[in-house]
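Engineer: Here it is, the structure in full.
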Amino acid sequence: MIQHNTPLLPYNTFGLAARAAHFTEVFDVRELQSALQSGIQPVLILGGGSNMLLTQDVPGLVIKNAIRGMELVRSAGNTAFVKVGGGVVWHDFVCWAVEKGYGGIENLSLIPGTVGAAPVQNIGAYGVELKDVFVELEAVELASGQQQVFNHADCRFGYRDSVFKHENKGKYCITSVTFALTQQEHKLHLSYGDIQKTLESNGVTQPSIADVSKAVIQIRSSKLPDPAVIGNCGSFFKNPETDRAVLEKIRLSHPQVVSYNLPDGRVKIPAGWLIEQCGWKGKRVGNTGCYEKQALVLVNYGGATGTEVKNLAYAIIDSVEKTFGIRLEPEVNIF
Ligand code: EPU
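When the letters of the sequence shown are read in order and numbered with our numbering, they come out as residues 714 to 1048.
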């Protein structure tokens, strides 16, 4: 059933009051294909609405992917192949996997959004990325309604990046994703950030995947705002990758600069650090602002418009560029 002039406020974690000209929710592939047959254009697929900034009403048809299902499809040695519906809430999938004893995604606990949106930006946190456990996905091409399979290579994953942000942008609805998880002898990733420290303070010496998931939840909740309380989309910007010479130049004026080495000899500098140095952390502008505990996150204190958030984002981008010569790129999709 297609609705008209539908408020999108409940469907985006920034809590922005845009409307969809037409809107429908689909619970299986057949419903998706029949919504596409309505011929209403353009089509925008919505997952958890946790990575989008709506600066205007959305024309055409917004389709909310509500395709559910989580199942073990095959077990081979230590590997469990699990297939998950694109509309499943990502964190629900993580909890299900941890409970079943399947390892590999515990570091990705509490990432907002849905399973179908996860491959689009190759979600990642605490040293693990979706691409590390990804096998294949099924997607329906919006123009034809045909279902296609994309394997790992087809997706061309990069840092917060995939083919679905480039030539396939806006062309597919991801209906299911298959993952390869471990059944025992899990490979834990504990070296990133505060995980080890948090496990120790929890009194854990031999962590299980459940312990790691719990620690990640504790760390994320202490730094990142809960969208149910303060509207936000997680990291608003990507961490920029630059030549080492740029880092060395910054080091002259800011000896304490934080950086991570990349395999190709370049470096990644945390955008949160750059933004904080420019004085934005905790700053409020009208109804929007830069979060006090993590400068990479922009927030809606209530009643902000998408344009207000976008203006703040571009003021930050300009200010970081003026100070450091680095132009930040939004990670969030701006409509
Ligand atoms: N930092 C600051 N000031 C800040 C924030 C960070 O100086 O306000 C510095 C910290 O001191 C730290 C460094 O930046 O040394 C890295 O900070 P953090 O570990 O919090 O991670 P991040 O690089 O800011 C990335 C992801 C997050 C993910 C964390 C943990 C991106 C764009 N963001 O943030 O992902 O949770 O690492 O792995 O890569 C998301 O995508 O929505 C998200 C939250």
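Ideal Cβ placement from N, Cα and C applies to all residues, glycine included.
1. DSSP three-state label for Val929, please.
2. Contact between the segment 787-800 and the segment 815-829: three or more CB pairs below 8 Å?
3. Can you check whether the CB of Ile963 is closer than 8 Å to the CB of Trp993?
4. Distance check for Gly752 and Ser934, CA to CA, integer angstroms please.
5. Given a cut-off of 8 Å on the beta-carbon distance, is the pair Leu855 and Val890 in contact?
6. What residue from Leu965, Glu819 and Val848 has the CA that sits closest to Gly840's CA?
7. Please find out if some non-hydrogen atom of the ligand EPU comes closer than 7 Å to the beta-carbon of Leu749.
8. Taking the alpha helix (DSSP H) that Lys777 falls in, what are its first and last residues?
9. Quick one, which of Asp867, Asp741, Leu767 and His804 has its alpha-carbon nearest Gly858's?
10. How far does the beta strand (DSSP E) with His735 in it reach, from first residue to last?
11. Ordered along the chain, which non-local residues of its own chain (more than five positions away) have a Cβ less than 6 Å from that of Ala748?
12. Hey, would you say His735 sits closer than 8 Å to Gly762, going by beta carbons?
13. Buried or exposed: where does Ser966 fall if 16 or more other Cβ atoms within 10 Å of its Cβ makes it buried?
14. Apply the 10 Å Cβ neighbour rule to Arg873 and answer buried if 16 or more other Cβ atoms are within range, or exposed otherwise.
15. Taking only three categories from DSSP, how would you classify Tyr949?
16. Only counting the same chain, and skipping five residues up and downstream in sequence, which positions put a Cβ closer than 7 Å to that of Gln746?
17. Taking only the alpha-carbon atoms, compute the straight-line gap between Arg1040 and His899 and give it to the nearest angstrom.
18. Using the Cβ count rule (16 or more neighbours within 10 Å means buried), how would you classify Glu842?
19. Return the CA-CA distance between Ile824 and Glu1044, expressed in angstroms with no decimal places.
20. Does the beta carbon of Asn835 fall short of 7 Å from some heavy atom of the ligand EPU?
21. Got a sec, what are the start and stop residues for the beta strand (DSSP E) Gln861 sits in?
22. Excluding sequence positions up to five away, which residues of its chain have a Cβ less than 7 Å from the Cβ of Ala779?
23. With DSSP collapsed to three states, give me the class of Cys808.
24. Take the Cβ of Gln897 as the centre, count every other Cβ of all protein chains shown within 10 Å, and call the residue buried at 16 or more, exposed below.
25. With a threshold of 7 Å on Cβ separation, who are the neighbours of Gly760 within its own chain once the five nearest residues in sequence on each side are excluded?
26. Who are the Cβ neighbours of Val786 in its own chain at under 8 Å, not counting the five residues just before and after it?
27. Among Gln750, Asp977 and Asn1046, which residue has its Cα nearest to the Cα of Phe949?
28. Taking DSSP's pairing of strands, which residues face His717 in a bridge?
29. What are the residues that DSSP puts in a beta bridge with Ala838?
30. Measuring only from the beta carbon, is Glu989 closer than 7 Å to any heavy atom that is part of the ligand EPU?
Structural biologist: Judging by the given coordinates:
1. Counting from one through the sequence shown, the residue named residue 929 turns up at place 216. Looking at Val929 - three-state DSSP - the assignment turns out to be helix.
2. Three or more beta-carbon pairs drawn from the segment 787-800 and the segment 815-829 are found closer than 8 Å, and the two stretches are therefore classed as touching.
3. Counting from 1 along the sequence shown, the entry for residue 993 is found at position 280. Counting from 1 along the sequence shown, the entry for residue 963 is found at position 250. No, the Cβ-Cβ distance between Trp993 and Ile963 is not below 8 Å.
4. Here residue 934 is taken as the residue at index 221 of the sequence shown, counted from 1. Here residue 752 is taken as the residue at index 39 of the sequence shown, counted from 1. Each residue's alpha carbon lies about 42 Å from the other.
5. As a working mapping, residue 855 is identified with position 142 in the sequence shown. As a working mapping, residue 890 is identified with position 177 in the sequence shown. Cβ atoms of Leu855 and Val890: not closer than 8 Å.
6. To locate residue 840, count along the sequence shown from 1; it is residue 127. Checked all of Leu965, Glu819 and Val848; the closest Cα to Gly840 is Glu819.
7. What you label residue 749 is simply residue 36 of the sequence shown in a count that begins at 1. No heavy atom of the ligand EPU is found nearer than 7 Å to the CB of Leu749.
8. In the sequence shown, residue 777 corresponds to position 64, counting from 1. No alpha helix (DSSP H) holds Lys777; the beta strand (DSSP E) holding it covers Val771 to Asn778.
9. Here residue 858 corresponds to residue number 145 of the sequence shown, with the count starting at 1. Answer by Cα proximity: Asp741.
10. Position 22 of the sequence shown, counting from 1, holds the residue named residue 735. Where His735 is concerned, the enclosing beta strand (DSSP E) stretches over Arg732 to Val739.
11. What you label residue 748 is simply residue 35 of the sequence shown in a count that begins at 1. Correct list, in chain order: Thr737, Val739 and Ile776.
12. Start at 1 with the first residue of the sequence shown, and residue 735 comes out as number 22. Start at 1 with the first residue of the sequence shown, and residue 762 comes out as number 49. Against a cut-off of 8 Å, the Cβ pair of Gly762 and His735 comes out as no contact.
13. Taking the sequence shown and counting its residues from 1, one reaches residue 966 at position 253. Classification for Ser966: exposed.
14. Indexing the sequence shown from 1 puts residue 873 at position 160. Its Cβ being crowded by 16 or more others within 10 Å, Arg873 is buried.
15. Along the sequence shown, read from residue 1 onward, the residue named residue 949 stands at position 236. For the record, residue 949 in the displayed sequence is Phe; it is not Tyr. Reduced to three states, the DSSP call for Phe949 is coil.
16. The residue given as residue 746 occupies position 33 in the sequence shown. So the qualifying residues of the chain are Val853 and Gly858.
17. Stepping through the sequence shown from its first residue, residue 1040 is reached at position 327. Stepping through the sequence shown from its first residue, residue 899 is reached at position 186. Those two C-alpha atoms are separated by around 39 Å.
18. For the purposes of this step, residue 842 is taken as the residue at position 129 of the sequence shown. Answer is buried; the Cβ neighbour count reaches 16.
19. Here residue 824 is taken as the residue at index 111 of the sequence shown, counted from 1. Here residue 1044 is taken as the residue at index 331 of the sequence shown, counted from 1. So the alpha carbons of these two residues sit roughly 14 Å apart.
20. As a first step, residue 835 is located in the sequence shown; it is residue number 122 there, counting from the start. Every heavy atom of the ligand EPU is 7 Å or more from the Cβ of Asn835, so no.
21. Taking the sequence shown and counting its residues from 1, the one referred to as residue 861 is at position 148. Gln861 -> beta strand (DSSP E) spans Gln860 to Asn864.
22. The count along the sequence shown starts at 1 and reaches residue 779 at position 66. Excluding positions up to five away in sequence, the list reads Glu738, Val739, Phe740 and Gly800.
23. Translated into the one-based positions of the sequence shown, residue 808 becomes position 95. Residue state, collapsed to three classes: helix.
24. Residue 897 sits at position 184 when you count from the first residue of the sequence shown. So Gln897 ends up on the exposed side.
25. Translated into positions along the sequence shown, residue 760 becomes position 47. Correct list, in chain order: Asn778, Gly826, Thr827, Gly829 and Ala830.
26. Within the sequence shown, numbered from 1, the residue matching residue 786 stands at position 73. Only Phe794, Val795, Lys796 and Thr891 meet the Cβ criterion.
27. Here residue 949 is taken as the residue at index 236 of the sequence shown, counted from 1. Residue Asn1046 is the option with its Cα nearest to Phe949.
28. Here residue 717 refers to the residue found at position 4 when the sequence shown is read from its first residue. The partner list for His717 (beta bridge, DSSP) reads His735.
29. Residue numbering aside, residue 838 sits at position 125 when the sequence shown is read from its first letter. Paired residues: Val841.
30. Against the sequence shown, residue 989 aligns to sequence position 276. Flag set: Cβ of Glu989 near the ligand EPU.
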